[in-house]
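S.K.:
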Amino acid sequence: MLERVLLLTLLLSFLIAVLLSPLFIPFLRRLKFGQSIREEGPKSHQKKSGTPTMGGIVIVLTVLATTLFISIRFLAFSQEILLLLLVTVGFGLVGFLDDFIKVVLKRNLGLTSKQKLAGQLLISILFYIGLIQMDFSTEITIPATSYSIDLGWLYLPLIIIMLVGASNAVNLTDGLDGLLAGTGAIAFGAFAVLAWHAGFIDVSIFSAAIVGSVLGFLVFNAHPAKVFMGDTGSLALGGAIAAIAIMTKMEILLVLIGGVFVIETLSVIIQVISFKTRGKRVFKMSPLHHHYELSGWSEWRVVVTFWFVGMIFACLGIYLEVWL
Numbered sequence: 664m665l666e667r668v669l670l671l672t673l674l675l676s677f678l679i680a681v682l683l684s685p686l687f688i689p690f691l692r693r694l695k696f697g698q699s700i701r702e703e704g705p706k707s708h709q710k711k712s713g714t715p716t717m718g719g720i721v722i723v724l725t726v727l728a729t730t731l732f733i734s735i736r737f738l739a740f741s742q743e744i745l746l747l748l749l750v751t752v753g754f755g756l757v758g759f760l761d762d763f764i765k766v767v768l769k770r771n772l773g774l775t776s777k778q779k780l781a782g783q784l785l786i787s788i789l790f791y792i793g794l795i796q797m798d799f800s801t802e803i804t805i806p807a808t809s810y811s812i813d814l815g816w817l818y819l820p821l822i823i824i825m826l827v828g829a830s831n832a833v834n835l836t837d838g839l840d841g842l843l844a845g846t847g848a849i850a851f852g853a854f855a856v857l858a859w860h861a862g863f864i865d866v867s868i869f870s871a872a873i874v875g876s877v878l879g880f881l882v883f884n885a886h887p888a889k890v891f892m893g894d895t896g897s898l899a900l901g902g903a904i905a906a907i908a909i910m911t912k913m914e915i916l917l918v919l920i921g922g923v924f925v926i927e928t929l930s931v932i933i934q935v936i937s938f939k940t941r942g943k944r945v946f947k948m949s950p951l952h953h954h955y956e957l958s959g960w961s962e963w964r965v966v967v968t969f970w971f972v973g974m975i976f977a978c979l980g981i982y983l984e985v986w987l
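Dropping the structure here:
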């Protein structure tokens, strides 16, 4: 019975996203919510200027509708689901404000870094308060071992680092058509499997809802993209995957399953440090996907390669947690 509910969640969220996107894209175009392409980016991206953005609204609405329907219809609506939706919608709202300021108000930088961080911190703290109300364990376990350590009050800084770090790492990955939608579907799919195996049925259902929504969105976001998810989608997905890792007590495993996001972030950090200390760039451009573009790879080749790497990380994560 529960296996059918999981499959229904995946199919329903996919269907909603596929049906909602064609209605939403013309609406975004009429409102002139078009993407501005930065001049210092790859020249091949200039032709994407004006492509509707803020499509992440479709993802967030789909996840919200699917999760609520499945939870109310087949499961008891739990505090776990409430907290997962809080993070997803909350981070999505921060991203929406950033997109709105950039696209509608024509302020290229959107929210300031302090404003964006303040919003992320607020949601992270609310999430932590919700966990405390559930008498949530502050222990973390090393994958593939029985070793664990109780962080106590240090668990709050960990949650903040995970939520803020993951949201920004996922945001950096959203730079090519279908790149984040594909790698996101793979990562959330891995957590759906792991959550199910560990008995976190609600979390698994939520993860499946995200997988279906991003796959449905990918139908219109694959190269050449008809719509971009913008910060609305990328920040929501980043917060959601960190919240799932926390809720399932797989905090450390997030680094492995989200390996593509980690590598993208490290490429930016390495580039900045190298340029500021040595005056030289390690990569032709960061994040890393742009480096391969400027090395002569087609956009589709870069995306598919990163999908494949993401699949390897996901399989390794499942192997470590399930079979070791």
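In this note's numbering, the protein residues as written are 664 to 987.
Built from N, CA and C at the ideal position, the CB exists for glycine as well.
Note that the coordinates shown come from a computational prediction; the quantities given were computed from them, not determined experimentally.
Please identify the residue among Pro887, Ile864 and Phe891 whose C-alpha is closest to the C-alpha of Val877.
M.R.: Checking every option, the nearest Cα to that of Val877 belongs to Phe891.
S.K.: Measure how close the beta-carbons of Val966 and Leu835 come, nearest whole angstrom, since I'm counting them as under 8 Å.
M.R.: 15 Å between Cβ atoms; not a contact.
S.K.: Going by DSSP in three states, Asp813 sits in which element: helix, strand or coil?
M.R.: Asp813: strand per DSSP, three-state reduction.
S.K.: Give me the residue from Trp960, Leu957, Asp813 and Arg693 with the minimum Cα distance to Lys912.
M.R.: Answer by Cα proximity: Asp813.
S.K.: Can you tell me the Cα-Cα spacing of Leu951 and Ile788, whole angstroms?
M.R.: The straight-line gap from Cα to Cα measures roughly 31 Å.
S.K.: Could you give the C-beta distance for Val833 and Ile904, rounded to a whole number, given that I count them as a contact under 8 Å?
M.R.: That pair is a contact at about 7 Å.
S.K.: Check Glu927 in the structure and name its three-state DSSP category.
M.R.: Helix.
S.K.: Buried or exposed, going by whether 16 or more other CB atoms sit within 10 Å of the CB of Met717?
M.R.: Answer is buried; the Cβ neighbour count reaches 16.
S.K.: Taking DSSP's pairing of strands, which residues face Glu802 in a bridge?
M.R.: Glu802 pairs with Asp813.
S.K.: Over the uninterrupted alpha helix (DSSP H) stretch that includes Phe971, give me the two end residues.
M.R.: First-last of the alpha helix (DSSP H) with Phe971: Glu962 to Ile981.
S.K.: If you compare alpha carbons, which of Ile868, Leu748, Gly755 and Ile849 is closest to Ser676?
M.R.: Nearest of Ile868, Leu748, Gly755 and Ile849 to Ser676, Cα basis: Ile868.
S.K.: Tell me which same chain residues have a C-beta within less than 8 Å of the C-beta of Ser741, skipping the five on either side of it?
M.R.: Hits under 8 Å: Ser734 and Asp865.
S.K.: Does Ser830 come out as helix, strand or coil in the three-state DSSP assignment?
M.R.: In this structure, Ser830 counts as helix in the three-state DSSP scheme.
S.K.: Tell me which residues share the same chain as Thr804 and place their Cβ nearer than 6 Å to its Cβ, disregarding the 5 neighbours each side in the sequence.
M.R.: So the qualifying residues of the chain are Ser811.
S.K.: Would Thr672 and Gly875 qualify as a contact pair, given that the criterion is a beta-carbon distance under 8 Å?
M.R.: Contact: yes.
S.K.: Taking just the CA atoms, how far does Arg693 sit from Gly980?
M.R.: Rounded to the nearest angstrom, the two C-alpha atoms are 43 Å apart.
S.K.: In chain order, what residues of the same chain have a beta carbon less than 8 Å from the beta carbon of Val668, not counting five sequence neighbours either side?
M.R.: Only Ile733, Phe737, Leu738 and Ile868 meet the Cβ criterion.
S.K.: CB Glu914 to CB Met797, shorter than 8 Å?
M.R.: No, Cβ-Cβ distance for Glu914 and Met797 is not below 8 Å.
S.K.: For the alpha helix (DSSP H) that contains Thr751, what are its first and last residues?
M.R.: Note, Thr751: alpha helix (DSSP H), Gln742 to Val766.
S.K.: If distances are taken between C-alpha atoms only, which option among Ala899, Val925 and Ala906 comes closest to Gly758?
M.R.: Nearest of Ala899, Val925 and Ala906 to Gly758, Cα basis: Ala899.
S.K.: From what residue to what residue does the alpha helix (DSSP H) around Ala739 run?
M.R.: First-last for Ala739: undefined, no H or E at that position.
S.K.: For the region 919-934 and the region 775-789, state whether three or more C-beta atom pairs, one from each stretch, are separated by less than 8 Å.
M.R.: The answer is no - the region 775-789 does not touch the region 919-934, with fewer than three Cβ pairs under 8 Å.
S.K.: Taking the alpha-carbon positions, what's the Thr801 to Leu746 distance?
M.R.: In a straight line, the C-alpha of Thr801 is about 16 Å away from that of Leu746.
S.K.: Could you check which residue in Phe976, Glu962, Met974 and Val856 has the C-alpha nearest to that of Ile907?
M.R.: It is Val856.
S.K.: Around the Cβ of Phe785, are there at least 16 other Cβ atoms within 10 angstroms (buried) or fewer (exposed)?
M.R.: What sits at residue 785 in the sequence shown is Leu, not Phe. By the 10 Å Cβ count, Leu785 comes out exposed.
S.K.: Taking 8 Å as the cut-off, decide whether the C-beta atoms of Gly901 and Phe754 are in contact.
M.R.: Closer than 8 Å, so yes.
S.K.: Among the residues of its own chain, which have a CB less than 8 Å from the CB of Phe863, if the five just before and after it don't count?
M.R.: Excluding positions up to five away in sequence, the list reads Glu743, Met910 and Thr911.
S.K.: Could you name the residues of the same chain whose beta carbon sits closer than 6 Å to that of Ala871, not counting the 5 residues immediately before and after it, in chain order?
M.R.: Closer than 6 Å at Cβ, skipping near neighbours: Leu669, Thr672, Leu673 and Ala855.
S.K.: Determine the contact status of Val882 and Val726, defining contact as a CB-CB distance below 8 Å.
M.R.: Their beta carbons are not under 8 Å apart, which means Val882 does not touch Val726 by this criterion.
S.K.: Buried or exposed for Pro715, please, with buried defined as at least 16 other CB atoms from any protein chain shown within 10 angstroms of its CB.
M.R.: The residue in question, Pro715, is buried, as its Cβ has 16 or more Cβ neighbours within 10 Å.
S.K.: With a 10 Å radius around its C-beta and 16 neighbouring C-beta atoms as the bar for buried, classify Ala853 as buried or exposed.
M.R.: Buried, by the Cβ-count rule.
S.K.: Helix or strand or just coil, what does DSSP make of Met910?
M.R.: Three-state result, Met910: helix.
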